[in-house]
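Asker: Take this structure first; my questions come after.
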């Protein structure tokens, strides 16, 4: 970073027609750090004044079309749909924690009526049910779904239960991201 500041300061002094002096780089560095700190503090104050400083604000407002509900709007089957890519993650215990953590966070933030598309959702449903999160997911009507592309490789009973094509409330959504 010092090389960039030094080059920048040499350019500025050259443009101003004054000789470069080493202390100018240090003064510029201090002034620029102060500017960035002031800008961050002002941004923080603005976010707080707008009510955008809560831990889950970005997640709750990531997609206004998906998360905003109108007054007296009729309820739909799924409050929110999300998609995860498995890449054989359930074969490794450590990797299984990631999808469970995602589901837990989404349940914390959005609560009821979530539908999760996962290429190995039939296996993940069992993992979720057997985890400490299972009862909560069932109580909040969490549904494990398989995307249209991956679903046709699954058994027929799995397709009827999890495949996006056959689940009421999905419409044209294929859950393939």
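Numbering (my numbering), first residue to last: 68 to 244. Think of the CB as a built atom: it goes at the ideal place given N, C-alpha and C, for glycine as much as any other residue. The structure presented is a predicted model; accordingly, all values stated were derived computationally and were not measured.
Is it a yes or a no for the stretch 134-150 touching the stretch 228-244, going by three-plus beta-carbon pairs under 8 Å?
Answerer: Yes, since at least three Cβ pairs between the stretch 134-150 and the stretch 228-244 fall closer than 8 Å, the two stretches touch.
Asker: Kindly confirm or deny that the stretch 204-214 and the stretch 170-181 touch, where touching means at least three C-beta pairs closer than 8 Å.
Answerer: At 8 Å Cβ cutoff, the stretches touch.
Asker: Buried or exposed: which applies to residue 117, given that a residue is buried once 16 or more other Cβ atoms fall within 10 Å of its Cβ?
Answerer: Here residue 117 is taken as the residue at index 50 of the chain shown, counted from 1. Exposed, since its Cβ has fewer than 16 Cβ neighbours within 10 Å.
Asker: Within 10 angstroms of its Cβ, does residue 181 collect 16 or more other Cβ (buried), or is it exposed?
Answerer: Counted from its first residue, the chain shown places residue 181 at position 114. With 16 or more other Cβ atoms within 10 Å, it is buried.
Asker: Is the beta carbon of residue 167 closer than 7 Å to that of residue 198?
Answerer: Position 131 of the chain shown, counting from 1, holds the residue named residue 198. Position 100 of the chain shown, counting from 1, holds the residue named residue 167. Yes, they are a contact pair.
Asker: What separation, rounded to the nearest whole angstrom, lies between the Cα atoms of residue 191 and residue 232?
Answerer: Translated into the one-based positions of the chain shown, residue 191 becomes position 124. Translated into the one-based positions of the chain shown, residue 232 becomes position 165. Roughly 19 Å between the two C-alpha positions.
Asker: Count the other CB atoms within 10 Å of the CB of residue 156; is the residue buried (16 or more) or exposed (fewer)?
Answerer: Within the chain shown, the letter at position 89 stands for residue 156. A caution first: residue 156 carries a pLDDT of 48, below 50, which makes its placement in the model too unreliable to give a value.
Asker: Unbroken alpha helix (DSSP H) runs of length 4 or more, entirely within the stretch 116-195: which are they?
Answerer: Taking only runs of at least 4 residues, the alpha helix (DSSP H) segments lying wholly in the stretch 116-195 are 124-127, 131-134 and 160-177.
Asker: Comparing alpha-carbon positions, which option in 189, 187 and 178 lies nearest residue 209?
Answerer: Taking the first residue of the chain shown as position 1, residue 209 is located at position 142. Minimum Cα distance to residue 209 is reached at 178.
Asker: One question on the structure: do residue 73 and residue 92 come within less than 7 Å of each other, judged by their Cβ atoms?
Answerer: Along the chain shown, one-based indexing puts residue 73 at 6. Along the chain shown, one-based indexing puts residue 92 at 25. Cβ atoms of residue 73 and residue 92: closer than 7 Å.
Asker: Using 7 Å as the threshold, is the C-beta distance between residue 184 and residue 126 below it?
Answerer: Position 117 of the chain shown holds residue 184. Position 59 of the chain shown holds residue 126. No, they are not a contact pair.
Asker: According to DSSP, residue 213 sits in a beta bridge with which residue or residues?
Answerer: For the purposes of this step, residue 213 is identified with residue 146 of the chain shown, where counting begins at 1. Per DSSP, 230.
Asker: Find out if the Cβ-Cβ distance for the pair residue 176, residue 123 is shorter than 7 Å.
Answerer: Mapped onto the chain shown, residue 176 falls at position 109. Mapped onto the chain shown, residue 123 falls at position 56. Result yes, Cβ atoms of residue 176 and residue 123 sit closer than 7 Å.
Asker: Just mark residue 214 as buried or exposed, buried being the case when its beta carbon has 16 or more other beta carbons within 10 Å.
Answerer: Along the chain shown, read from residue 1 onward, the residue named residue 214 stands at position 147. The residue in question, residue 214, is buried, as its Cβ has 16 or more Cβ neighbours within 10 Å.
Asker: Buried or exposed: where does residue 187 fall if 16 or more other Cβ atoms within 10 Å of its Cβ makes it buried?
Answerer: For this step, residue 187 is matched to residue 120 along the chain shown. Residue 187 should be labelled buried.
Asker: Could you give the DSSP three-state label for residue 84: helix, strand or coil?
Answerer: As a first step, residue 84 is located in the chain shown; it is residue number 17 there, counting from the start. Three-state DSSP puts residue 84 in coil, outside helix and strand.
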